[in-house]
Amino acid sequence: MENEIEVLKLAGRFPARVKGLLRSKPGGVLLLMPCNDVHTVGMNDLLDIAFVGDDGRIIESYRAVAPLRRLKCRKAVAVLERFSTCDPPWFSVGDYVGISRKEGGKA
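Count the sequence shown with the working numbering and you get residues 27 to 133, in order.
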């Protein structure tokens, strides 16, 4: 995937990571960091989930994960997730994720 993600929300603190996409509207991608274990309890929608290794590479990727599921990847340092209703392609194993902030940006 060689596209840039336009809207990336960061969930770095524990409460934000636990909440994840719960009660959120579709659009954009959520970065949970640090994280290697996610669940879809309380979700009504399907999610796309990708686990990121410490080198920035996608090490596991899932599409359309149903509610009431739990996914773990011990080697992951972060997780990317979004609602499956989003149109752009999703990450594949081996894709590189580089995160940078815009000049003057906060994240």
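Glycine included, C-beta positions come from ideal geometry on N, C-alpha and C.
* **Beta bridge counterpart(s) of Ser87 as assigned by DSSP** => Counting from 1 along the sequence shown, the entry for residue 87 is found at position 61. In DSSP, Ser87 forms a bridge with Ala76.
* To do: Please name the residue, chosen from Val55, Ala42, Gly38, Arg39, that lies closest to Thr111 on a Cα-to-Cα basis.
  => Within the sequence shown, residue 111 is the residue found at index 85, counting from 1. That would be Val55, whose Cα lies nearest to the Cα of Thr111.
* For Arg108, which residues does DSSP report across the bridge? -> Residue 108 sits at position 82 when you count from the first residue of the sequence shown. For Arg108, which the question treats as bridged, DSSP gives the partners Asp74.
* Three-state class that DSSP yields for Arg43 in the structure shown -> For this step, residue 43 is matched to residue 17 along the sequence shown. Residue state, collapsed to three classes: helix.
* Between Ala102 and Gly79, is the Cβ-Cβ spacing less than 8 Å? -> Position 76 of the sequence shown holds residue 102. Position 53 of the sequence shown holds residue 79. Taking 8 Å as the Cβ cut-off, Ala102 and Gly79 qualify as a contacting pair.
* Asked: Beta carbon of Leu94, beta carbon of Tyr88: below 8 Å?
  -> By one-based count along the sequence shown, residue 94 stands at place 68. By one-based count along the sequence shown, residue 88 stands at place 62. Going by C-beta atoms, Leu94 is not nearer than 8 Å to Tyr88.
* Asked: For Ala37, does the three-state DSSP call read helix, strand or coil?
  -> Counting from 1 along the sequence shown, the entry for residue 37 is found at position 11. If DSSP states are grouped into helix, strand and coil, Ala37 belongs with the strands.
* Asked: Which word fits Val70, buried or exposed, when buried means at least 16 other C-beta atoms lie within 10 angstroms of its C-beta?
  -> As a working mapping, residue 70 is identified with position 44 in the sequence shown. Val is not the amino acid found at residue 70; the sequence shown has Asn there. Exposed, since its Cβ has fewer than 16 Cβ neighbours within 10 Å.
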